[in-house]
Every structure is written in structure tokens, then in C-alpha cells.
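Trainee: My structure is below; once you've seen it, I'll send some questions.
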Amino acid sequence: MGNPATDDNQLPSYEQATQVNSGPTQQTSSHHETLSTRFACITLNQHDRIRLINFPADTVKSFKGFLKSAWPKGIQEVRDYGQAREFKLNGNPWYRGADGSLGPDDTSRLVKKMLEALYNMGWVFQSAVDLRKQGNVITFRRQNPPPPKSEWIHISFDSHDRLTFLEPPSQEIRDALLKAFDSAVSKHELTKDHFEIKFQGFPWSPSGEDTVNTPVKLLQLLETMERFGFSLYSSLMTKNNLEGTDVDDIVMKRQI
Numbered sequence: 001m002g003n004p005a006t007d008d009n010q011l012p013s014y015e016q017a018t019q020v021n022s023g024p025t026q027q028t029s030s031h032h033e034t035l036s037t038r039f040a041c042i043t044l045n046q047h048d049r050i051r052l053i054n055f056p057a058d059t060v061k062s063f064k065g066f067l068k069s070a071w072p073k074g075i076q077e078v079r080d081y082g083q084a085r086e087f088k089l090n091g092n093p094w095y096r097g098a099d100g101s102l103g104p105d106d107t108s109r110l111v112k113k114m115l116e117a118l119y120n121m122g123w124v125f126q127s128a129v130d131l132r133k134q135g136n137v138i139t140f141r142r143q144n145p146p147p148p149k150s151e152w153i154h155i156s157f158d159s160h161d162r163l164t165f166l167e168p169p170s171q172e173i174r175d176a177l178l179k180a181f182d183s184a185v186s187k188h189e190l191t192k193d194h195f196e197i198k199f200q201g202f203p204w205s206p207s208g209e210d211t212v213n214t215p216v217k218l219l220q221l222l223e224t225m226e227r228f229g230f231s232l233y234s235s236l237m238t239k240n241n242l243e244g245t246d247v248d249d250i251v252m253k254r255q256i
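Each residue of the sequence shown is one higher than the one before, counting from 1 in full-length UniProt numbering.
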């Protein structure tokens, strides 16, 4: 065993061990700033309002341009509301099925387009919380550079027994889904706007053993879509006021 004094002399002092010269320190600080995370959120309020919180001015401006093209009824008013920038839309987008010209699909499509537009601006979905009096609070994290372009599919769990795809997936995906669900399918329908699967029974309002069968259907959906490159991006809850039910919506994407 060596002389303790000699060993101590060979070891650097605490100051030497922890000392960092000014060059690397500045470099590390700059690197940290580059990788720093910024969060923002959107809230869907009342029947017709979108509030952007903590988004920079350039994103708010781009989002306004997006809304003008994405929402056919147009924007009624834009104003500051506390620390938010609020967009009041014509019509009632968060009141699904409220009038003859606005159906549940319109609401779902607008939500999907919002998520897609912000994603392309570099704002990636983090979570959605349904606060009792606040409504949906959708949080985003800024990613720089923006993530790769993706293809999107919006799926709604409608009317106690239906799975609705906006817009229709390919024939190959449709066939794979019908094969996966097999005898659980009551019927299915394809239009230019959507693909809908109607199940036997009421899987979205389950009781008894169906409380197990319903999650199995969700897993079958995710596994089938993943085989074609689609991964789960977000899940949200909206309200179908004609039926008085909450509707779960999920958005899936795959890189182009």
C-alpha cells in the first residue's frame, strides 16, 4: 500500500477536479439554450373559442392564417384574453351536432388539422387534460428543427358502437382492420369522407366481460395500424351534444 501522503499529492484538489475553463462553459451554456424546452398550450373554451397560451407571436400569426383556411365558417373575433390570444370562431365547433350544417366530423377534422398545423410549425403534442370547468387543455413542446412531415389519420369512438376514420385509410388497411376485428363487426361503410366500422353490442358503453373486450379492441386497432407505420400521436375527448355523450378521439401519424 502506498504512502497516504504521496497518494493524496497525486490526486487533484476539489477546485482542480471541478474547474472548467471559460471556453467550454460558454459552449455548454449555448448548447443548453439550443436544447432548452419550451412549452405552450391551447384551451378549447365555451362552444366556439380557442385560446393560445405561451406561444410566440410568429406561431400565433401562422395559426390565425391556418384557422382562416381550416374553419369554413370563419373567425368572428381575435383578442387578448389575460395571458392568452383568443380566437372566437363563427358557429359552435366544440358543441358537436349543435346545428344542421355542423356535424361531429367537422369538429374532429378541425382538431386534427390544429394538431397537424402546430406539429408542422415545430410544436409537438404532449398531453391533453380535461379540466372540469376549463375544458380541454392541450399542451405542446417546441421542437427545433421541426419534426419530419407526417401522414395523419383521425379516429373517433362514436355512438357507443362505431369506429369512424376521417379520412378513409387505404384498402389494405381497411381489410386488415376487418380481419382483426372479425366477428365483432356488425357492418362497415365507406364514403368519400370516412370509413366506419359498426360493432356488435355497445363496446364503448361496456358492462360485465365487455369491460375486458373493449380494451382488446383498442389494442387490435393500435397493433393493426402500427403494422402500416402509424403510431398513436394524441387522444382527446369531445362531446356529442345530440347524444349527450363524451366522444374519445385519437390521432395517429406516420412519417412520410
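Idealized CB from N, CA, C, for every residue including glycine.
Keep in mind that this is a model prediction, so the values were computed, not measured.
In the DSSP assignment, what are the bridge partners of residue 45?
Mentor: As a position in the sequence shown, residue 45 is number 45, starting the count at 1. The partner list for residue 45 (beta bridge, DSSP) reads 49.
Trainee: So, does the region 144-158 touch the region 175-185, judging by three or more C-beta pairs under 8 Å?
Mentor: no
Trainee: Would you decide whether residue 91 is buried or exposed? Buried here means 16 or more other CB atoms lie within 10 Å of its CB.
Mentor: Numbered from its first residue, the sequence shown carries residue 91 at position 91. Burial of residue 91 is indicated by the presence of at least 16 other C-beta atoms within 10 angstroms of its C-beta.
Trainee: Nearest-angstrom Cα distance between residue 226 and residue 215?
Mentor: As a first step, residue 226 must be located in the sequence shown, where it is residue number 226. As a first step, residue 215 must be located in the sequence shown, where it is residue number 215. Spanning the two alpha carbons is a distance of roughly 16 Å.
Trainee: Pull the bridge partners of residue 252 from the DSSP assignment, please.
Mentor: On the sequence shown, position 252 is the one that residue 252 refers to. According to DSSP, residue 252 bridges with 153 and 232.
Trainee: Are residue 93 and residue 255 touching if we call contact CB-CB under 9 Å?
Mentor: Locating residue 93 in the sequence shown gives position 93, counting from the first residue. Locating residue 255 in the sequence shown gives position 255, counting from the first residue. Contact: no.
Trainee: Please decide whether residue 54 counts as near chain B, where near means a Cβ-Cβ distance under 9 Å.
Mentor: Of the chains in the structure shown, none is chain B; there is only one protein chain.
Trainee: Leaving out five residues before and five after residue 277 in sequence, what residues of the same chain have Cβ atoms less than 8 Å from its Cβ?
Mentor: Any property of residue 277 remains undetermined from this structure, which presents the chain solely from 1 to 256.
Trainee: If I measure Cβ to Cβ from residue 117 and keep anything under 6 Å in the same chain, skipping five residues before and after, which residues do I get?
Mentor: The sequence position of residue 117 within the sequence shown is 117, counting from 1. Answer for residue 117: 66, listed in chain order.
Trainee: Roughly how many angstroms separate the alpha carbons of residue 207 and residue 73, rounded to a whole number?
Mentor: Sequence index remark: in the sequence shown, residue 207 carries index 207 (1-based). Sequence index remark: in the sequence shown, residue 73 carries index 73 (1-based). Rounded to whole angstroms, residue 207 to residue 73 spans 40 Å at the Cα level.
Trainee: To the nearest angstrom, how far is it from the Cα of residue 193 to the Cα of residue 176?
Mentor: Numbered from its first residue, the sequence shown carries residue 193 at position 193. Numbered from its first residue, the sequence shown carries residue 176 at position 176. Near 20 Å, if we compare the C-alpha coordinates of residue 176 and residue 193.
Trainee: Do you know offhand how far residue 86's Cα is from residue 250's?
Mentor: Indexing the sequence shown from 1 puts residue 86 at position 86. Indexing the sequence shown from 1 puts residue 250 at position 250. Residue 86 and residue 250: Cα-Cα distance of roughly 25 Å.
Trainee: So, with DSSP's three-state summary, where would you put residue 186?
Mentor: In the sequence shown, the residue the question calls residue 186 occupies position 186. DSSP places residue 186 in strand when its eight states are reduced to three.
Trainee: Nearest to residue 79 by alpha carbon, out of 58, 49, 56 and 59?
Mentor: Translated into the one-based positions of the sequence shown, residue 79 becomes position 79. The candidate whose alpha carbon is nearest that of residue 79 is 49.
Trainee: Could you have a look at residue 108 and say whether DSSP puts it in helix, strand or coil?
Mentor: Residue numbering aside, residue 108 sits at position 108 when the sequence shown is read from its first letter. DSSP places residue 108 in helix when its eight states are reduced to three.
Trainee: Alpha carbon to alpha carbon, how far is residue 143 from residue 13? Give it in angstroms, no decimals.
Mentor: Reading the sequence shown from its first residue, position 13 is the one you call residue 13. Reading the sequence shown from its first residue, position 143 is the one you call residue 143. With a pLDDT of 43 at residue 13, under the threshold of 50, the modelled position of that residue is not reliable, and the figure given next carries that caveat. Rounded to whole angstroms, residue 13 and residue 143 show a C-alpha spacing of 41 Å.
Trainee: With burial defined as no fewer than 16 other Cβ atoms inside 10 Å of the residue's Cβ, what is the status of residue 231: buried or exposed?
Mentor: To locate residue 231, count along the sequence shown from 1; it is residue 231. With a 10 Å radius around the Cβ and a threshold of 16 neighbouring Cβ atoms, residue 231 comes out exposed.
Trainee: Nearest to residue 203 by CA position, among 51, 157 and 237, is which residue?
Mentor: Taking the sequence shown and counting its residues from 1, the one referred to as residue 203 is at position 203. It is 157.
Trainee: Quick check: residue 139 and residue 41, are their CB atoms within less than 9 Å of each other?
Mentor: Here residue 139 refers to the residue found at position 139 of the sequence shown. Here residue 41 refers to the residue found at position 41 of the sequence shown. Contact flag set, yes.
Trainee: Since residue 220 and residue 165 should fall inside the 8 Å C-beta cutoff, what is the C-beta to C-beta distance between them, to a whole number of angstroms?
Mentor: As a first step, residue 220 must be located in the sequence shown, where it is residue number 220. As a first step, residue 165 must be located in the sequence shown, where it is residue number 165. About 14 Å separates the Cβ atoms of residue 220 and residue 165, ruling out a contact at the 8 Å cut-off.
Trainee: At what residues does the beta strand (DSSP E) containing residue 164 begin and finish?
Mentor: Taking the sequence shown and counting its residues from 1, one reaches residue 164 at position 164. If you look at residue 164, you'll find it in the beta strand (DSSP E) that goes 162-166.
Trainee: Buried or exposed: which applies to residue 84, given that a residue is buried once 16 or more other Cβ atoms fall within 10 Å of its Cβ?
Mentor: Walking along the sequence shown from the start, residue 84 turns up at place 84. Counting of Cβ neighbours within 10 angstroms places residue 84 among the buried residues, the total reaching 16 or more.
Trainee: Can the beta-carbon of residue 95 be found closer than 9 Å to that of residue 47?
Mentor: Stepping through the sequence shown from its first residue, residue 95 is reached at position 95. Stepping through the sequence shown from its first residue, residue 47 is reached at position 47. Cβ distance < 9 Å, so residue 95 and residue 47 count as in contact.
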